[in-house]
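A.B. asks: Below you will find the structure I want to go over with you.
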Amino acid sequence: MNLCKGRFRARVARTMGEVQAAQRLRSVAFHERWDGLDVDAFDPLCVHVLVEDTGSGELVCCFRLLPLQSGLEIGGCYAAQYYELSALQGFDGPMVEMGRFCVHPDWKDPDILRVAWAAMTRYVDEAGIELMFGCASFRGTNAEAYQDAFAMLRDRHIAPKRWLPRVKAPKVFRFASRLRCKPDMKQAMLRMPPLLKTYLMMGGWVSDHAVVDTQMNTLHVFTGVEINAIPPARKRLLRAVAS
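Residue numbers (the numbering used here): 896 to 1138.
The following block contains the structure:
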């Protein structure tokens, strides 16, 4: 994969040094540590995608991809540590888990996200992926700060029962059953993480609860996108950027 759009390019990490550059950016984005690496046992199993500024070569965004042949392999993904995913074992088709998605905090250019999703689109098409999933994170662990966003997820975006992840983590926020408020839609969208917004625009669905992850200082929801269910206009837009 080698994709250039405007001032940014996306490509796959080829060396251990390039993987470590992604781990260093993850350390900055997730832990606010500028001199460390964010590393886990899933890194050697994944394809690492880098988004760089073409002028300086600076790494501005990264994410990793864990391909699975079908739902029978779902127990080996990162998200399975936090969600009971046995319902997805019946998904008969290639899958990919996208994880550790982050943008450098000093970079605000919206084209970064566009190029990242173009790279993901190209990967999905080339690999014949039928389900893309991951953990979409809200910063911090105060669920009350995201009440409108969670209420909107409850009303519009809960996973179909046949795929619904169940509770596994010791500490969760069961927003689908606990929240009673109606969402303020403007506030909901303001508080929704950009990555999750993109998933939802593609017809994505989420778990009915959020995991309280004190190690990463996040609240995250399991998020899935069935590729065949992406609205045609959205598919055309993604593929136009990926071409």
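By construction, the Cβ of each residue, glycine as well, lies at the ideal position given by its N, Cα and C atoms.
(1) For Arg1034, collect the residues of the same chain with a Cβ closer than 8 angstroms to its Cβ; drop the 5 residues on either side in sequence, then sort them by chain order.
(2) Measure how close the beta-carbons of Val1107 and Thr1036 come, nearest whole angstrom, since I'm counting them as under 8 angstroms.
(3) Assuming the contact rule is C-beta atoms closer than 8 angstroms, Val1121 and Leu1026 should be a hit. Round their C-beta distance to whole Å, please.
(4) For Asp938, does the three-state DSSP call read helix, strand or coil?
(5) Around the C-beta of Met1047, are 16 or more other C-beta atoms found within 10 angstroms, so that it is buried, or is it exposed?
(6) On the CB-based measure, 16 or more other CB atoms within 10 Å of its CB, does Met911 come out buried or exposed?
(7) Can you list, in chain order, the residues of its chain whose CB lies under 6 angstroms from that of Pro939, leaving out five sequence neighbours each side?
(8) Got a sec, what are the start and stop residues for the beta strand (DSSP E) His1052 sits in?
(9) When the Cα atoms are used, what is the spatial distance from Pro1065 to Gln976?
(10) When you compare each of Lys1063, Asp933, Ala1044 and Cys941 to Met1080 by their alpha carbons, which one comes out closest?
(11) Quickly, what does DSSP pair Ser1032 with across the bridge? List them, please.
(12) Applying the criterion that 16 or more other CB atoms from any shown protein chain within 10 Å of the CB defines a buried residue, is Thr1109 buried or exposed?
(13) The beta strand (DSSP E) with Arg906 in it runs from where to where?
(14) Starting from Phe958, follow the beta strand (DSSP E) in both directions and report where the run begins and ends.
C.D. replies: Quick answer:
(1) Hits under 8 angstroms: Pro1088, Asn1112 and Thr1113.
(2) For Val1107 against Thr1036, the beta-carbon gap comes to about 5 angstroms, under 8 angstroms, which counts as contact.
(3) One detail in the question is off: residue 1121 reads as Glu in this sequence, not Val. Indeed they touch by this definition, with Cβ atoms about 6 angstroms apart.
(4) It is helical.
(5) Only buried fits Met1047, as 16 or more other CB atoms lie within 10 angstroms of its CB.
(6) By the 10 Å Cβ count, Met911 comes out exposed.
(7) Nothing listed; no residue qualifies.
(8) That residue, His1052, is in no beta strand (DSSP E); it is neither H nor E in DSSP.
(9) Looking at the backbone, the Cα of Pro1065 and that of Gln976 are separated by about 11 angstroms.
(10) With distances taken between Cα atoms, Met1080 lies closest to Ala1044.
(11) Answer is His1115.
(12) Burial is judged here by how many other beta carbons sit within 10 angstroms of a residue's own beta carbon; Thr1109 has fewer than 16 and is exposed.
(13) Counted as a single uninterrupted DSSP element, the beta strand (DSSP E) harbouring Arg906 occupies residues Phe903 to Val907.
(14) For Phe958, the enclosing beta strand (DSSP E) begins and ends at Leu954 to Leu963.
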